[in-house]
Amino acid sequence: MRFFHAQPCAVKAYRRATIKKGKRFRSILVHFPALGNIPFEEGVKKSMKRRLGVLADTHGHEDAWAKASLLWGDTPDAVLHAGDVLSSDVDTGLAGMIRSASFPVIISRGNCDYPEDEKILHRPLLSPYAFVWWNGKSILMAHGNRFEELRALALRSRVDLAVYGHTHVASVVREEGTIFLNPGSASLPRGRDPASAATVDEDEIVIFTLDGVQLHKERWY
221 MRFFHAQPCA VKAYRRATIK KGKRFRSILV HFPALGNIPF EEGVKKSMKR RLGVLADTHG
281 HEDAWAKASL LWGDTPDAVL HAGDVLSSDV DTGLAGMIRS ASFPVIISRG NCDYPEDEKI
341 LHRPLLSPYA FVWWNGKSIL MAHGNRFEEL RALALRSRVD LAVYGHTHVA SVVREEGTIF
401 LNPGSASLPR GRDPASAATV DEDEIVIFTL DGVQLHKERW Y
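Laid out in structure tokens, this is it:
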């Protein structure tokens with residue numbers, strides 16, 4: 221398996237095409253490197269700030285992105301979006317926010333995403349899976365509308381974290397050695413929890429409301 225090395229804010233990615241049951245799929249593999257040969261004090265400072273933003277099911281709501289960005293803080297290593305990004309009939313400004321992001325935005329194709337959305341977002345919509353290697357952790361992401369397939373692959377591959385959306389219900393659950401994270405919908409939540417997003421850092425995974433109230437937390441170990 222090939223890894224592309226990149227700086228946190230200048231990720232190089234590749235598209236890998238496979239043929240399965242007559243359908244063309246794309247996946248992505250992104251590698252965020254270790255801190256490398258930098259002074260110890262600077263390395264400590266940078267490692268304390270290493271984090272990912274995670275969200276799903278924005279459905280075109282630009283305020284969802286804007287509020288979630290406040291939770292991620294300044295320049296996360298990347299943002300993982302588990303799909304259903306835009307609205308099919310309204311230009312809300314969300315696409316422009318994603319295009320102008322100063323960090324990589326990695327997106328899984330949702331069941332409400334369309335091929336033309338890639339042209340609007342200037343980002344590939346990856347299907348059926350996206351794979352990220354970050355801070356020594358393996359992360360598998362899909363939209364989640366075929367959750368049992370995602371779950372089986374995540375457990376079989378023994379990934380550290382599996383990210384998905386689709387249900388609009390936030391949850392973080394550990395099964396065997398894998399943590400399954402659904403950040404909930406950042407725009408149209410279902411169930412008892414309000415709109416939410418998540419952060420992932422070297423210590424823990426936290427789901428927050430868009431007002432910054434912690435909903436769920438799971439430490440890596």
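Residues 221 to 441 in our numbering are what the sequence shown spells out, letter by letter.
For glycine and all other residues, C-beta sits at the position ideal for the given N, C-alpha and C.
Note that the coordinates shown come from a computational prediction; the quantities given were computed from them, not determined experimentally.
- Around the CB of PRO324, 16 or more other CB atoms lie within 10 Å, so the residue is classed as buried.
- Counting the other Cβ atoms within 10 Å of the Cβ of ASP277 gives 16 or more, which makes it buried.
- Linking GLY273 to ASP333 through their CA atoms gives a straight-line distance of about 20 Å.
- Counted as a single uninterrupted DSSP element, the stretch harbouring GLY316 is not any beta strand (DSSP E) but the alpha helix (DSSP H) occupying residues 314 to 319.
- Between the C-alpha atoms of GLU424 and PRO409 there is a straight-line separation of about 23 Å.
- In this chain, the beta strand (DSSP E) harbouring ARG271 covers 271 to 275.
- The residue among LEU275, LEU360 and LEU290 with its C-alpha nearest the C-alpha of HIS301 is LEU275.
- The shortest C-alpha to C-alpha distance from ALA350 to any of GLY303, ALA315, SER307 and HIS388 is the one to GLY303.
- 8 Å or more divides the Cβ of ASN402 from the Cβ of ARG270.
- Under the DSSP assignment, LEU291 falls in the alpha helix (DSSP H) whose first and last residues are 282 to 292.
- Under DSSP, ILE399 forms a beta bridge with LEU381 and ARG394.
- Of the candidates PHE400, HIS436, LEU314 and TRP353, the residue whose Cα lies closest to the Cα of GLY364 is PHE400.
- The continuous alpha helix (DSSP H) containing LEU341 extends over residues 335 to 341.
- Secondary structure at GLU369: helix, using DSSP grouped into helix, strand and coil.
- Burial of THR398 is indicated by the presence of at least 16 other C-beta atoms within 10 angstroms of its C-beta.
- With contact defined as three or more Cβ pairs closer than 8 Å, the stretch 362 to 379 and the stretch 326 to 340 are in contact.
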